Amino acid sequence: MIDVDPDRFEELVTAALADVPAELADRLDNVVLFIEDDAPPEDPHLLGLYDGIPLTERDSTYAGVVPDRIFVYRNPTLAICDTEEDVVEEVRITVVHEIAHFFGIDDARLHELGYA
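Here the sequence shown stands for residues 109 to 224, where the numbers follow the working numbering.
Written out as structure tokens, the structure reads:
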């Protein structure tokens, strides 16, 4: 396990988000990204979570809803990493994985693509 302070971890998440291709990033609508130290108690090893209504499930009645949320969890990520390079890669995968859920891509397809 490596120790990366919260500010540095936030920088890594911000960098991963900045690396998302513009044609995808520009389509992120009504979604916010949160960085938290710990995953929910019911799944303490979770690296990230998408909580919302994927684009593929939105229809003409989608209006006035609270933003979708993407969470990236620092401590579970650090627990599986040995180097900062490992953290950079895990954060990148997690950010892409959760954004993919926003676009309606399921875990099975993400596994096929190497983002699991």
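No residue lacks a Cβ here, since even glycine has one placed at the ideal position from N, Cα and C. Computed from a predicted model, the values in this text were never measured in an experiment.
Note down, in chain order, each residue of its chain lying with its Cβ closer than 8 angstroms to the Cβ of residue i, except the 5 sequence neighbours on either side.
| i | result |
| --- | --- |
| P114 | I143, D145 and R182 |
| I230 | Any answer about residue 230 is impossible in this case: the structure gives the chain only from 109 up to 224. |
| P148 | L154 and L157 |
| V139 | G160, P175, D176, R177, I178 and F210 |
| Y223 | I201, V204, H205 and A208 |
In this structure, does DSSP put residue i in helix, strand or coil?
| i | result |
| --- | --- |
| R177 | strand |
| E119 | helix |
| E199 | A small correction: the amino acid at residue 199 is Val; Glu does not occupy that position in the sequence shown. DSSP places V199 in helix when its eight states are reduced to three. |
| E165 | helix |
| I207 | helix |
| L221 | helix |
| L66 | Lying outside 109 to 224, the shown extent of the chain, residue 66 is not represented and no answer is given. |
| L132 | helix |
Which value, in whole angstroms, describes the spacing of the CA atoms of residue i and residue j?
| i | j | result |
| --- | --- | --- |
| H205 | V173 | 23 angstroms |
| E131 | T169 | 25 angstroms |
| E150 | D214 | 21 angstroms |
If you drop the 5 nearest sequence neighbours on each side, which residues of the same chain put their C-beta closer than 6 angstroms to that of residue i?
| i | result |
| --- | --- |
| L157 | F179 |
Check the DSSP bridge columns for residue i and list the partner residues they point to.
| i | result |
| --- | --- |
| L141 | I178 |
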